[in-house]
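Chemist: All the letters of the sequence shown, read from the start, carry residue numbers 147 to 479 under our numbering.
Note that CB positions come from ideal geometry on N, CA and C, so glycine has one too.
The structure that follows is given in the form of structure tokens.
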Amino acid sequence: MRSVGFQPAEPLKVWTVTDGRAGIEAQAVGLAEALARKTPIRLTTKRVQVRPPWSWLPAGFVPASREALSIESDDITPSWPDIWIGCGRASIPLSMGVRRWSNGHTFVVQLQDPRVNPREFDVVVPPIHDGLEGQNVLPIVGACHRVTPEKLDQAVLDFPRQLDELAPPRFAVLIGGKSKRQDISAQRARAISESLAVAQQRTGGTLMATVSRRTSDAARLQFRTHLAPHCAIFYESEGANPYFAMLGAADHIFVTADSVNMATEAAATGKPVHVLAVDGSAGKLERFHQSLVRRGCARPFMGVLETWNYPPLLETNRVAAAILTAYAARVRS
């Protein structure tokens with residue numbers, strides 16, 4: 147659906163600027179795609195890396211200079227975009243510099259908490275559980291992402307197998323791994339596998355599981371041994387990634403507690419999200435999961451399968467609308 151409140155004469159030139167990691171880039175591209183659903187854009191995806199010695203410093207101490215980039219980085223040169231969407235540490239010094247380089251033309255959006263003064267940017271979009279506040283700060287539940295009903299429906303149609311013919315209820319299992327504070331031990335992986343196998347046996351449903359690059363070898367072995375034999379799909383890295391197709395075909399979604407991205411994407415479906423406990427301290431992630439529980443999106447999985455409904459969590463669309471409103475106000479001023 148196109149926005150009727152603001153329609154520029156030409157498609158907006160939009161850059162996403164990240165270090166290229168899948169989870170980081172998906173946030174920026176997801177927001178750009180949400181903008182495109184409201185007004186025409188021309189999207190360019192930029193991937194950058196900060197080189198030593200600058201990469202050893204906190205992002206706020208890295209000079210806002212293209213000279214700090216590695217030779218492998220994409221060019222950050224004119225002509226400058228109308229809207230710049232940065233995400234991740236490598237983008238921060240560039241996001242801080244582009245308003246000056248563009249003589250104020252570029253509207254700068256920074257996703258996540260940049261850990262510098264938010265006024266260095268036009269809009270900052272952090273997860274609400276980070277607690278960042280400011281006049282130009284737009285906190286959201288979780289993270290921006292690329293999930294839409296249309297994408298999921300198409301992914302199911304495009305998948306080599308007829309997922310909608312698998313026995314219901316269908317369970318999508320999204321497995322993460324090591325993060326700053328948390329991990330999935332071999333013991334935990336076996337416990338998760340056994341609890342999911344029991345749920346499948348009790349319901350006669352179908353398990354579909356995918357592991358992450360962050361899943362350790364020890365945990366993978368346990369999942370491969372104790373979960374995979376019960377799965378219609380068990381994806382590690384070979385072949386087409388079934389992630390979107392699984393979300394589209396699932397009746398229930400299980401997500402390990404280490405990932406904000408996966409839980410937010412799952413909550414965008416409106417399907418029950420069951421959170422699987424992992425090892426380590428949750429820290430701020432506990433506040434995130436509590437916010438999903440309060441909104442009716444998620445519940446901790448305690449071994450008993452529950453079913454419930456809730457309005458899909460559509461934070462990316464809300465952010466896109468707010469950015470276009472702010473951008474239009476600046477253009478008109």
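#1: Quick one, which of Ala475, Leu353, Gln153 and Val465 has its alpha-carbon nearest Gly176's?
#2: Excluding the five sequence neighbours on either side, which residues of its own chain have a C-beta within less than 7 Å of the C-beta of Ala391, listed in chain order?
#3: Can you tell me whether DSSP reads Gln153 as helix, strand or coil?
#4: Please say whether Val269 and Ile469 have beta carbons closer to each other than 8 Å?
#5: Rounded C-beta distance between Ser237 and Val254? I'm assuming under 8 Å.
#6: Ala364 and Ala337 - do their beta-carbons sit closer together than 8 Å?
#7: Fully enclosed by the stretch 369 to 437, which alpha helix (DSSP H) runs are 4 residues long or longer?
#8: Are the CB atoms of Leu516 and Ala378 nearer to each other than 8 Å?
#9: Going by C-alpha distance, which of Arg316, Glu171 and Arg212 is nearest Thr223?
#10: Counting C-beta neighbours from all protein chains within 10 Å, is the total for Arg478 16 or more, i.e. buried, or is it exposed?
#11: Between Pro314, Asn463 and Val194, which has its C-alpha nearest Leu181's C-alpha?
#12: Does the beta carbon of Thr402 sit closer than 8 Å to a beta carbon anywhere in chain B?
#13: Is the stretch 403 to 419 in contact with the stretch 253 to 267, if contact means three or more CB pairs nearer than 8 Å?
#14: Under DSSP, the alpha helix (DSSP H) around Thr471 begins and ends at which residues?
#15: Once DSSP output is grouped into helix, strand and coil, what is the label at Thr162?
#16: Taking Cβ positions, are Ala174 and Ile229 nearer each other than 8 Å?
#17: Please list, in chain order, all residues of the same chain as Val424 whose beta carbon is under 8 Å from its beta carbon, the five residues on each side excluded.
#18: Express the C-alpha separation of Leu373 and Ala396 in angstroms, rounding to a whole number.
#19: Take Ser325 and list the residues in its own chain whose beta-carbon comes closer than 6 Å to its own, dropping the five residues that flank it on each side.
#20: If you draw a straight line from the C-alpha of Pro272 to the C-alpha of Phe380, how long is it?
#21: Quick one: grab the DSSP three-state call for Ala318.
#22: To the nearest angstrom, report how far apart Asn455 and Pro198 are at their CA atoms.
#23: So, Ala172 versus Asn407, is the Cβ gap smaller than 8 Å?
#24: Where DSSP assigns a beta bridge to Arg188, which residues make up the other side?
#25: Note down, one range per segment and in chain order, each beta strand (DSSP E) of at least 3 residues found wholly within the stretch 189 to 240.
#26: To the nearest angstrom, how far is it from the Cα of Gly234 to the Cα of Arg348?
#27: Taking Glu183 as the reference, give the member of Val439, Ala472 and Ala467 with the closest Cα.
#28: So the candidates are Tyr389, Arg316 and Ser339; which of them puts its Cα closest to the Cα of Thr371?
#29: Round the Cβ separation of Thr361 and Phe317 to the nearest angstrom and send it over; I've been treating them as touching at under 8 Å.
#30: Consult DSSP for Gln142 and reduce its assignment to one of helix, strand or coil.
#31: Tell me the residue span of the beta strand (DSSP E) that contains Leu309.
#32: Please check the pair Leu298 and Leu393, which I expect to be a contact at CB under 8 Å, by giving their CB distance rounded to whole angstroms.
#33: When the Cα atoms are used, what is the spatial distance from His275 to Phe447?
#34: Take Pro457 and list the residues in its own chain whose beta-carbon comes closer than 7 Å to its own, dropping the five residues that flank it on each side.
Modeler: With the structure as the only source:
#1: Translated into the one-based positions of the sequence shown, residue 176 becomes position 30. Of the listed residues, the one whose Cα sits closest to Gly176 is Val465.
#2: Residue mapping note: residue 391 aligns to position 245 of the sequence shown, counting from 1. Here the set comprises Ala301, Val302, Phe305 and Leu309.
#3: In the sequence shown, the residue the question calls residue 153 occupies position 7. It is coil, neither helix nor strand.
#4: Taking the first residue of the sequence shown as 1, we reach residue 469 at position 323. Taking the first residue of the sequence shown as 1, we reach residue 269 at position 123. Cβ distance < 8 Å, so Ile469 and Val269 count as in contact.
#5: For the purposes of this step, residue 237 is identified with residue 91 of the sequence shown, where counting begins at 1. For the purposes of this step, residue 254 is identified with residue 108 of the sequence shown, where counting begins at 1. Wrong, their Cβ atoms sit about 10 Å apart, outside the cutoff.
#6: By one-based count along the sequence shown, residue 337 stands at place 191. By one-based count along the sequence shown, residue 364 stands at place 218. Not a contact, by the Cβ cut-off of 8 Å.
#7: 389 to 395 and 406 to 413
#8: An answer regarding residue 516 cannot be provided, because it is not within the stretch 147 to 479 covered by the chain.
#9: Position 77 of the sequence shown, counting from 1, holds the residue named residue 223. Per the Cα distances, Arg212.
#10: Counting from one through the sequence shown, the residue named residue 478 turns up at place 332. Per the 10 Å Cβ criterion, exposed.
#11: For the purposes of this step, residue 181 is taken as residue 35 along the sequence shown, with counting starting at 1. The candidate whose alpha carbon is nearest that of Leu181 is Asn463.
#12: Annotation note: the requested chain B is absent from the structure, which comprises a single protein chain.
#13: no
#14: On the sequence shown, position 325 is the one that residue 471 refers to. It spans Glu461 to Arg478 - the alpha helix (DSSP H) in which Thr471 sits, taken as one unbroken run.
#15: As a working note, residue 162 is residue 16 in the sequence shown. Three-state result, Thr162: strand.
#16: Counted from its first residue, the sequence shown places residue 174 at position 28. Counted from its first residue, the sequence shown places residue 229 at position 83. It is not a contact, given that the beta carbons lie outside the stated cut-off.
#17: Numbered from 1 along the sequence shown, position 278 holds the residue referred to as residue 424. Correct list, in chain order: Gly322, Gln328, Asp329, Ile330, Arg334, Thr402, Ala403 and Asp404.
#18: Translated into positions along the sequence shown, residue 396 becomes position 250. Translated into positions along the sequence shown, residue 373 becomes position 227. Going from the Cα of Ala396 to the Cα of Leu373 covers about 17 Å.
#19: On the sequence shown, residue 325 is found 179 positions in, with the first residue counted as 1. Closer than 6 Å at Cβ, skipping near neighbours: Asp404.
#20: In the sequence shown, the residue the question calls residue 272 occupies position 126. In the sequence shown, the residue the question calls residue 380 occupies position 234. If I take the Cα positions, the gap works out to 33 Å.
#21: Locating residue 318 in the sequence shown gives position 172, counting from the first residue. Residue state, collapsed to three classes: strand.
#22: Position 309 of the sequence shown, counted from the start, is the residue given in the question as residue 455. Position 52 of the sequence shown, counted from the start, is the residue given in the question as residue 198. About 49 Å.
#23: On the sequence shown, residue 172 is found 26 positions in, with the first residue counted as 1. On the sequence shown, residue 407 is found 261 positions in, with the first residue counted as 1. Going by C-beta atoms, Ala172 is nearer than 8 Å to Asn407.
#24: Mapped onto the sequence shown, residue 188 falls at position 42. Arg188 is bridged to Lys159.
#25: 229 to 233
#26: For this step, residue 234 is matched to residue 88 along the sequence shown. For this step, residue 348 is matched to residue 202 along the sequence shown. Each residue's alpha carbon lies about 42 Å from the other.
#27: Residue mapping note: residue 183 aligns to position 37 of the sequence shown, counting from 1. Here residue 183 turns out to be Arg, not Glu, going by the sequence shown. When each option's Cα is compared against that of Arg183, the closest is Ala467.
#28: Counting from 1 along the sequence shown, the entry for residue 371 is found at position 225. Comparing Cα-Cα distances from Thr371 to each of Tyr389, Arg316 and Ser339, the minimum goes to Ser339.
#29: For the purposes of this step, residue 361 is taken as residue 215 along the sequence shown, with counting starting at 1. For the purposes of this step, residue 317 is taken as residue 171 along the sequence shown, with counting starting at 1. With 8 Å as the limit, Thr361 and Phe317 do not qualify as a contact, their Cβ atoms being about 18 Å apart.
#30: In the structure as shown, the chain begins at 147 and stops at 479. Residue 142 is therefore absent and cannot be evaluated.
#31: Walking along the sequence shown from the start, residue 309 turns up at place 163. Taken as a continuous stretch (DSSP letters only), Leu309 belongs to no beta strand (DSSP E), as it is neither H nor E.
#32: The residue given as residue 298 occupies position 152 in the sequence shown. The residue given as residue 393 occupies position 247 in the sequence shown. The Cβ separation is near 5 Å, so the contact holds.
#33: Against the sequence shown, residue 275 aligns to sequence position 129. Against the sequence shown, residue 447 aligns to sequence position 301. Approximately 21 Å, taken between the alpha carbons.
#34: Here residue 457 is taken as the residue at index 311 of the sequence shown, counted from 1. Gly416.
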